[in-house]
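If you're matching positions, the sequence shown starts at 27 in our numbering and goes up one per residue. No residue lacks a Cβ here, since even glycine has one placed at the ideal position from N, Cα and C. First up is the structure itself, then whatever we jot down about it.
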Amino acid sequence: MDWQEPFKKAVLYFKRSKYGECLRLLNYALEHGGSDQYAIYDSRAAVYEKTLRLREALLDVKEAIRLAPNRWQCYSRAARLFLLIRKFDEASKMVELALQKINPTDDKNRTTLIALQSQVFESRKRLCCHVGMLPTELLSTIFGYMVEEDAVLVILISRKDPIRKSAWWVQRSKGRIRKLCLRRTLSDKVDWSLDKLDGIQWDNIRSCHLEDIDILKQLEKASALNVISQLETLEIRDKLMDSREDFVSHLGDSLKNLTIDGAIMSLGDLQVHSLVSLKAVQLGERFMDDLFQLLTNNPSLESLVVGSPFNTFRDLPETTLTLAHLAVLDYSSGSTQLFNFLRLPSLEVLSCRHCVQSNAILQCLLDSTTDRLKSLSFDSCAHHATASILDALASPELCPALSHLDFSACADVTSSLLIRVVKPRLSQAQAHNTSQEEMTEETMSEIPCVAEIRSLITNECPAVTTESLSWFREKVPDFTANGRR
Numbered sequence: 027m028d029w030q031e032p033f034k035k036a037v038l039y040f041k042r043s044k045y046g047e048c049l050r051l052l053n054y055a056l057e058h059g060g061s062d063q064y065a066i067y068d069s070r071a072a073v074y075e076k077t078l079r080l081r082e083a084l085l086d087v088k089e090a091i092r093l094a095p096n097r098w099q100c101y102s103r104a105a106r107l108f109l110l111i112r113k114f115d116e117a118s119k120m121v122e123l124a125l126q127k128i129n130p131t132d133d134k135n136r137t138t139l140i141a142l143q144s145q146v147f148e149s150r151k152r153l154c155c156h157v158g159m160l161p162t163e164l165l166s167t168i169f170g171y172m173v174e175e176d177a178v179l180v181i182l183i184s185r186k187d188p189i190r191k192s193a194w195w196v197q198r199s200k201g202r203i204r205k206l207c208l209r210r211t212l213s214d215k216v217d218w219s220l221d222k223l224d225g226i227q228w229d230n231i232r233s234c235h236l237e238d239i240d241i242l243k244q245l246e247k248a249s250a251l252n253v254i255s256q257l258e259t260l261e262i263r264d265k266l267m268d269s270r271e272d273f274v275s276h277l278g279d280s281l282k283n284l285t286i287d288g289a290i291m292s293l294g295d296l297q298v299h300s301l302v303s304l305k306a307v308q309l310g311e312r313f314m315d316d317l318f319q320l321l322t323n324n325p326s327l328e329s330l331v332v333g334s335p336f337n338t339f340r341d342l343p344e345t346t347l348t349l350a351h352l353a354v355l356d357y358s359s360g361s362t363q364l365f366n367f368l369r370l371p372s373l374e375v376l377s378c379r380h381c382v383q384s385n386a387i388l389q390c391l392l393d394s395t396t397d398r399l400k401s402l403s404f405d406s407c408a409h410h411a412t413a414s415i416l417d418a419l420a421s422p423e424l425c426p427a428l429s430h431l432d433f434s435a436c437a438d439v440t441s442s443l444l445i446r447v448v449k450p451r452l453s454q455a456q457a458h459n460t461s462q463e464e465m466t467e468e469t470m471s472e473i474p475c476v477a478e479i480r481s482l483i484t485n486e487c488p489a490v491t492t493e494s495l496s497w498f499r500e501k502v503p504d505f506t507a508n509g510r511r
């Protein structure tokens, strides 16, 4: 069959995370005799799931179920997809069908399905509305506090009847809206359309929050595309949209705050040079070059959150990039290759999660002569990824302002390493405080000002021994181990 060979190659590309090539081969297989093969649809759904194209993934898994109604794996994938878009009833139904189809002796996969069922239940419970259970008098008091400083909140309190709410909003503001927020739940409303926004004076909008809602045509209809270039804050949180390329191509240098969550766009092509804060999470497959180009275009960044896995550089940068104003960095991209090409002299808060190794981070701190760092967090990092960081921090001259440490779920963090960090900083801080009364200003300046560790978190660190806990509780004012202070 013409479809079999490209299908086998597609599977290999999928295992290597080469989703673009994998998708091309699966499309070819479907067009050359594979349109009646459930495995191709199921595999393409897996690619769409990995790249967060959830609408296409659901369509493919539906076709896979039609072709192979007894395959429990298809129902399981459908359940995961419905869970991602918060369709909990549908997700629960798919898990139940999967449990009915699975072989009774397949204990391993049955356990996985039961865990998925529990996840659906917990997610539904977290997002259910508990407010409706409160007494009316208490609700009235709470709402009074909420709208005391911002009268617009009186419209935002309830999620029901968006058509009537939007009409009120436009009417009471006389169309002078500063912040526009359109959530994906609007697509579930039969009578809702963007025409309900008629009456808005688009030129007034400076902040926009979009979730799988495309307002580009509405702006074109109102001859208001220039509004995009005037935005100061933009949040795009997509799970179903195909692309935002056309929308973001109109962005300008008025933009200060940008959040990209799951949205499909080319980061390196964003023509923005004025960002103060950037958050990029849950993106599909990207190369580090795109992120680096966006950072290069925005040297005034003060806050950066990277919560999406990036592939390594295709072409290594020729020079390092100094982000002279960056104070807060939250990084969970797996690879730390980016740090080889960054200098962060003003960094105050650094949080790293799921990092494979830390040498690049440590070298970045050393080369940046970072002396303002106050908070350092490593969470769920690979074995040996944090030991070198702690070993270097044993010298108080590195990051002398450091006062908060969080090394949760890091297996290589030991009591001895932590003591080597805490003890000398405590001694130098106490010596500096004592010297203030006994020494002149000239001689005291020779003693470095080092902060003591005021907060230390070691949750899920098996190598932090029980015997050392009392020492840490005595020396560190705010010490937490395994959720207990």
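| Item | Value |
| --- | --- |
| Host alpha helix (DSSP H) of Thr138 (start-end) | Asp133 to Leu153 |
| Sheet register partners of Phe313 (DSSP bridge) | Asn337 |
| Exposure label - Asp10; buried when at least 16 CB within 10 Å | The question about residue 10 has no answer, for the chain in this structure spans 27 to 511. |
| DSSP-derived helix/strand/coil call for Glu57 | helix |
| Beta-carbon contacts of Leu206 that lie in its chain and below 6 Å, excluding the five residues immediately before and after | Ile231 and Cys234 |
| Environment of Met172 [buried if 16+ CB atoms lie within 10 Å] | exposed |
| N- and C-terminal bounds of the alpha helix (DSSP H) containing Phe505 | Per DSSP, Phe505 belongs to no alpha helix (DSSP H); it is in the beta strand (DSSP E), Asp504 to Thr506. |
| Candidates Gly310, Leu330, Leu321 and Ala350, of which the one nearest Asn337 by Cα | Gly310 |
| Rounded C-alpha distance that separates Arg263 from Leu452 | 44 Å |
| Opening and closing residue of the alpha helix (DSSP H) in which Ala248 lies | No alpha helix (DSSP H) holds Ala248; DSSP gives it neither H nor E. |
| From Phe169, Asp316, Asp287 and Arg511, residue whose alpha carbon lies closest to that of Gly294 | Asp316 |
| Uninterrupted alpha helix (DSSP H) stretches inside the stretch 381-417 (no shorter than 4 residues) | 385-393 |
| CA-to-CA distance, Ser329 to Arg198, given in whole angstroms | 35 Å |
| First through last residue of the alpha helix (DSSP H) which encompasses Asp268 | Asp268 -> no alpha helix (DSSP H), and no H or E assigned at all. |
| One or two residues paired with Asp307 in a DSSP bridge | Reading off the sequence shown, one finds Val at residue 307, where the question assumed Asp. Beta-bridge pairing links Val307 to Asp287 and Gly333. |
| Check whether Ser441 and Val490 have beta carbons under 8 Å apart | yes |
| Member of Asn385, Ser403 and Thr345 whose CA lies at the smallest distance from the CA of Ser358 | Ser403 |
| Strand pairing of Ile483, partner residues [DSSP] | Asp432 and Thr506 |
| With 16 other Cβ atoms within 10 Å as the buried cut-off, status of Asp417 | exposed |
| Leu304 and Leu284 closer than 8 Å at C-beta | yes |
| Endpoints, the alpha helix (DSSP H) within which Ser377 is located | Per DSSP, Ser377 belongs to no alpha helix (DSSP H); it is in the beta strand (DSSP E), Val375 to Arg379. |
| Option nearest Ala117 by Cα separation, candidates Ala104, Val87 and His380 | Ala104 |
| Check whether Asn508 and Glu486 have beta carbons under 8 Å apart | yes |
| The stretch 349-356 in contact with the stretch 373-380 per 3-pair CB rule at 8 Å | yes |
| Exposed unless 16 or more other CB atoms sit within 10 angstroms - verdict on Val75 | Per the sequence shown, the amino acid found at residue 75 is Glu instead of Val. When all chains shown are included, Glu75 counts as buried. |
| Integer-rounded CB distance, given that Leu93 should sit under 8 Å from Leu107 | So it is not a contact: roughly 17 Å between Cβ atoms. |
| Extent of the continuous alpha helix (DSSP H) run through Arg103 | Trp98 to Leu110 |
| Inter-residue spacing [alpha-carbon to alpha-carbon] between Cys390 and Ser414 | 13 Å |
| Three-state secondary structure (DSSP) of Glu261 | strand |
| 8 Å Cβ cutoff met for Glu271 and Met291 | yes |
| Closest residue to Val253 among Glu237, Asp238 and Ile226 (Cα-Cα distance) | Ile226 |
| Arg369 - DSSP class collapsed to helix/strand/coil | strand |
| Backbone CA spacing between Lys35 and Asn53 [nearest angstrom] | 12 Å |
| Counterpart residues of Cys207 in DSSP-defined beta bridges | His235 |
| Test item: CB-CB of Ser269 and Leu281 under 8 Å | no |
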